[in-house]
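Engineer: Protein chains in written order, with this note's numbering: chain A, 23 to 282; chain B, 23 to 282. Don't be surprised by glycine CBs; every beta carbon is placed ideally from N, CA and C. All values reported here derive from a predicted model rather than from experimental measurement.
Number of protein chains: 2
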Amino acid sequence: MPVVKQNRMSKKPLILITNDDGYKADGYNRLIKLMRPLGDVVAVSTLESTSAMGHAVTMQTPLRLNKIKEEEGYTEYLSNGTPADNIKLGKHLLLNRMPDLVVSGINHGSNAAINIIYSGTMAAALEAAMDGIPAIGFSVDEYGQHPGLDHTDEVILKITKKVLADGLPKGIALNVNIPKKSDKPLKGIKVCRQAEAVWKETYEERTDPFGRKYYWMSGIFLDGDQRPDTDEKALKDNYVAVVPSQVDFTATQLLNTLKF
Amino acid sequence: MPVVKQNRMSKKPLILITNDDGYKADGYNRLIKLMRPLGDVVAVSTLESTSAMGHAVTMQTPLRLNKIKEEEGYTEYLSNGTPADNIKLGKHLLLNRMPDLVVSGINHGSNAAINIIYSGTMAAALEAAMDGIPAIGFSVDEYGQHPGLDHTDEVILKITKKVLADGLPKGIALNVNIPKKSDKPLKGIKVCRQAEAVWKETYEERTDPFGRKYYWMSGIFLDGDQRPDTDEKALKDNYVAVVPSQVDFTATQLLNTLKF
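1. Pull out every residue of the stretch 107–125 of chain B whose Cβ sits closer than 9 Å to any Cβ of chain A, in chain order.
2. Following the continuous beta strand (DSSP E) through B/I128, name the residue where it begins and the one where it ends.
3. In the DSSP assignment, what are the bridge partners of A/V265?
4. Please list, in chain order, all residues of the same chain as A/G360 whose beta carbon is under 7 Å from its beta carbon, the five residues on each side excluded.
5. Which chain B residues are close to A/Q248, counting only those with a beta carbon under 7 Å from its beta carbon?
6. Interface residues of chain A around B/S132 at Cβ under 9 Å?
7. Closest to A/T252 by CA distance: which of A/H130, A/L123, A/K209 and A/A217 is it?
8. If I measure Cβ to Cβ from B/K192 and keep anything under 7 Å in the same chain, skipping five residues before and after, which residues do I get?
9. Tell me the DSSP secondary structure of A/E227 in three-state form.
10. Using a C-beta to C-beta distance shorter than 8 Å, which residues of chain A count as neighbours of B/Q167?
11. Secondary structure at A/E164, three-state DSSP: helix, strand or coil?
12. B/P59: beta carbon under 6 Å from a heavy atom of the ligand PLP?
13. Please tell me whether B/Y237 has its Cβ less than 7 Å away from any Cβ of chain A.
14. Which same chain residues, not among the five before or five after B/Y99, have their C-beta less than 6 Å away from its C-beta?
15. From the DSSP secondary-structure annotation, give me the bridge partner or partners of B/T252.
16. Could you pull the DSSP bridge partners for A/I139 from this structure?
17. Would you report the Cα separation of B/K27 and A/K281, rounded to the nearest angstrom?
18. Out of A/I139, A/T182, A/A150 and A/Q167, state which residue places its alpha-carbon closest to the alpha-carbon of A/F160.
19. Tell me which same chain residues have a C-beta within less than 8 Å of the C-beta of B/V25, skipping the five on either side of it?
20. Name the chain E residues that come within less than 7 Å of A/A74, Cβ to Cβ?
21. Given this structure, state the Cα-to-Cα distance separating A/M23 from A/L123, to the nearest angstrom.
22. Looking at the structure shown, is B/N278 part of a helix, part of a strand, or coil, going by DSSP?
23. At what residues does the beta strand (DSSP E) containing B/E176 begin and finish?
24. Is the beta carbon of B/A145 sitting closer than 7 Å to the one on B/H77?
25. Tell me whether the stretch 162–177 of chain B and the stretch 120–138 of chain B touch, counting them as touching only if at least three CB pairs, one residue from each stretch, are closer than 8 Å.
26. Does the beta-carbon distance from A/G112 to A/L53 come in below 7 Å?
27. Taking only beta-carbon positions, decide if A/R99 is within less than 7 Å of chain B.
28. Is there at least one Cβ from chain B nearer than 7 Å to A/G49's Cβ?
29. For B/S267, go through chain A and note every residue whose CB falls closer than 8 Å to its CB, in chain order.
30. What three-state label does DSSP hand B/M57 in the structure shown?
31. Tell me whether A/N51 sits in a helix, a strand or coil according to DSSP, three-state version.
32. Along chain B, in chain order, which residues have C-beta atoms closer than 9 Å to that of A/F282?
33. Among the residues of its own chain, which have a CB less than 8 Å from the CB of B/G241, if the five just before and after it don't count?
34. Along the chain, where does the beta strand (DSSP E) containing B/A65 start, and where does it finish?
35. What three-state label does DSSP hand A/A157 in the structure shown?
36. With a cut-off of 8 Å on the beta carbons, I'd call A/L56 and A/D175 a contact; round off their distance for me.
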């Protein structure tokens, strides 16, 4: 595998980028373009979408890596892994030192509320944060192949430059969700908590050409969280929602009451 | 697809079971055997291991379901989905009402500390909890195809019976990790917090028969958490570790200090 190390003497920040919509996605390519003036960039993604992979890592099949582009200050790879794999592969096989920043996205579709747990975009950011690397996942609240993205540039650069300058506490990744493009300007940036909202799935039953049944999952998103400081509320009010996020599932409120 | 609904008139608890080691796994079959006297059981798993799938759900390929066994009070299915898919499929396509309990496992290998985020076993339990269903993920701290399991029966039944009787707060799943079988008896059950511990991965490079490089991930587990009430500490002291777990990634300690 053609491992190319970054220049050890470079004073520029080293930025590792991935996403979960595949390497051709508009959001990914826009994020790369935004990051390149800020540092040396290494980008690792996949041929196809790995959306909804959550924090999956690849243990059952061999991982492969191919370099597909190399320019001054920029190297791009394709892998057959998940977004979390891509961060691990980047750290261990593609870089000669820990990156100064991991950015993931721009995801086509919101990762606010419960979506964070299904999100490959945020899995990549959290994977980096767990290893002490400042990390940000960017998503825009519009699904589809070509979401409006030009309203996201300013806020992405603002947040990224702040994190490059100040760092983040160990273990913290920012879950940044940007409202869908509209004719109204963004109102600003709000630091929020993850909303308690759920998906109610439905399954569409189809029959394949060989007469066998199969199913596609879809669903509707139900946000019943009335708290004033949630990411869903911020998005609805046309603010950029930033949730400082960490991997601690402990329901600490029960530590003293649960007994066996 | 041969959907068989449970008997609507049954007074027995309805228990949905899955795992991530495949339907032949010792832990899964032991868990089914333990649950059957407690209620009507529907089990859904996969042909092969889906270990380390995290909270992945299947969006890119069609889902399939096949009934492979039907006995009084017991139905078993195979799917081609992830553990989280299996809970969603179970709820929507296989049961005529919400289950009273979801149990997942017995996983071959610990899901304590950071392992919870990679764990299909716990993804299934959390998926149920997010929908308000009491849920428990059981794991034994021994990897391999045939871990010692007979020491787990008593504690699994004790915890399960308590959850069936008392329920769990909405959104809570129990992450239950049981020490590896040894000649010392288990000391008891401790309610714990998730330890801050990390994996340091290594990648083994191999060459396939066609001359192409590929990689297998492995790693070592580093537990540097000195707090007295972690799941890792409990396991080391030969206690069963129970972490009440929920899906809220918000780093609430930063909500008032982070500014943009």
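Structural biologist: Quick answer:
1. Hits within the stretch, in order: D107, K110, L111, K113, H114 and L115.
2. Counting along the chain, the beta strand (DSSP E) containing B/I128 begins and ends at L123 to H130.
3. Answer is A/N197.
4. As displayed, chain A neither begins before 23 nor continues past 282, which places residue 360 of chain A out of reach and without an answer.
5. Here the premise fails: no neighbours, minimum Cβ distance about 15 Å.
6. What B/S132 touches in chain A: nothing, since even the nearest Cβ is about 15 Å away.
7. Nearest option by C-alpha distance: A/A217.
8. Correct list, in chain order: G154.
9. Three-state DSSP puts A/E227 in a strand.
10. Under the 8 Å cutoff, chain A gives no residues; its nearest Cβ is about 15 Å from B/Q167.
11. Judged by DSSP in its simplified three-state form, A/E164 adopts coil rather than helix or strand.
12. In the structure on display, the ligand PLP does not appear, and there are no ligands present to speak of.
13. Yes, because at least one Cβ of chain A sits closer than 7 Å to the Cβ of B/Y237.
14. So the qualifying residues of the chain are V66, L87 and K89.
15. Partner(s): B/R215.
16. The bridge partners DSSP lists for A/I139 come to none.
17. No answer about B/K27 holds up, because its pLDDT of 47 lies below 50 and its placement is not dependable.
18. Nearest C-alpha to A/F160: A/T182.
19. Only weak support is given to the placement of B/V25: the predicted model assigns it a pLDDT of 44, under 50, and the value that follows is read from those uncertain coordinates. Non-local C-beta neighbours of B/V25 in its own chain, meaning closer than 8 Å and more than five positions away in sequence, comprise L115 and L116, ordered along the chain.
20. The structure shown contains no chain E; the protein chains it does contain are A and B.
21. Interpretation of A/M23 is limited by its pLDDT of 41, a score under 50 that renders its predicted location unreliable; no figure is taken from the coordinates.
22. B/N278: coil per DSSP, three-state reduction.
23. Per DSSP, B/E176 is not a residue of any beta strand (DSSP E); the alpha helix (DSSP H) it occupies stretches across D175 to D188.
24. Contact: yes.
25. Short answer: they touch.
26. At the C-beta level, A/G112 and A/L53 stay beyond 7 Å of one another.
27. First, the residue type needs correcting, since residue 99 of chain A is Tyr and not Arg in the sequence shown. Using a CB distance cut-off of 7 Å, A/Y99 does not count as an interface residue toward chain B.
28. No, no contact with chain B.
29. Against B/S267, the close residues of chain A are F271, T272 and A273, in the order they occur along the chain (beta-carbon pairs closer than 8 Å).
30. Of the three classes helix, strand and coil, the one that applies to B/M57 here is helix, per DSSP.
31. In the structure shown, A/N51 sits in a helix (DSSP, three-state: H, G or I).
32. Under the 9 Å cutoff, chain B gives V177, K180, I181, K184, G210, I211, K212, V213, V262 and V264.
33. Residues W221, K222, E223 and T224 of the same chain have their beta carbon placed closer than 8 Å to that of B/G241, with the five preceding and five following residues left out of the count.
34. D62 to T68 is the span of the beta strand (DSSP E), which, as asked, contains B/A65.
35. Strand, per DSSP.
36. Indeed, because the Cβ distance is near 6 Å, the residues count as touching under 8 Å.
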